[in-house]
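Worksheet: the structure to be examined is printed underneath.
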Amino acid sequence: NAGVMQNPRHLVRRRGQEARLRCSPMKGHSHVYWYRQLPEEGLKFMVYLQKENIIDESGMPKERFSAEFPKEGPSILRIQQVVRGDSAAYFCASSPGDRAAFFGQGTRLTVV
Amino acid sequence: QKEVEQDPGPLSVPEGAIVSLNCTYSNSAFQYFMWYRQYSRKGPELLMYTYSSGNKEDGRFTAQVDKSSKYISLFIRDSQPSDSATYLCAMIDQGAQKLVFGQGTRLTINP
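The listed protein sequences correspond, in order, to chains G and X. When you read off a place in the first sequence, starting at 1, and then add 734, the result is the number in this note's numbering. When you read off a place in the second sequence, starting at 1, and then add 28, the result is the number in this note's numbering.
Shown next as structure tokens:
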């Protein structure tokens, strides 16, 4: 059983471009979480999704950020018109619903 | 005040020492408590998962939860250089679904 798969592992975007981060949860997991981690800081919750539903997006910036978890395919975190401050490691975690979450290896976004 | 407080360290101890890592929290609704280990440039790895108060042991690792004091601990016995990593506590209340993390403690075990 493969773990949580995130791709790409590294992503470089110029200011103003769009970034798309993908997350495939573990088999049988229907809950997906996205977290952001800045250097020397802890994990900050962004959004919690179940299939086709956003359950809690209280940690998402109001503009430029969106997330989805379609019926088929991976969860996508989308950042439009990226700025330098978006540079961070973005982690996805999945859970079967018993609250123990397993993390992927992350996508490191660099905005130049 | 943060919901979860964790001393970021760094903490440096000699190989073989017993390591104690701690977190305090303010939300009395937290019921599930977890410890994650994160190596540099890797994703967090679930180490221990406990529900409510009590102790749980797994090999060299022991997790303790004291809900009356809103205090959780992770003990590492016979520490090894390979235990050098950042350790994050996390918790969640029964009604919510999001994990709230501490800042993480950076631990170094010196050979």
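Where is the CB? At the ideal position from N, CA and C, for every residue including glycine.
- Following the DSSP letters along the chain, one finds V766/G inside the beta strand (DSSP E) bounded by residues H765 to Q771.
- Non-local C-beta neighbours of T844/G in its own chain, meaning closer than 8 Å and more than five positions away in sequence, comprise H744, L745, V746, R747 and S821, ordered along the chain.
- In the DSSP assignment, P42/X falls within the unbroken beta strand (DSSP E) covering L39 to P42.
- With the rule of 3 Cβ pairs closer than 8 Å, the stretch 108–122 of chain X counts as touching the stretch 34–47 of chain X.
- Y769/G and Q122/X have their C-alpha atoms spaced approximately 20 Å apart.
- DSSP, read as helix, strand or coil, puts R105/X in coil.
- Counting C-beta pairs closer than 8 Å gives fewer than three between the stretch 101–110 of chain X and the stretch 760–768 of chain G, which falls short of the contact rule.
- For the 8 Å CB-CB criterion, Q125/X and I789/G form a contact.
- In the three-state reduction of the DSSP assignment, D35/X falls in the coil class.
- Listed by position along chain X, the residues whose Cβ is nearer than 7 Å to that of D790/G are Q125 and K126.
- A distance of 8 Å or more separates the beta carbons of L783/G and F799/G.
- By the Cβ-count criterion, G87/X is exposed, with fewer than 16 other Cβ atoms from all chains shown falling within 10 Å of its own Cβ.
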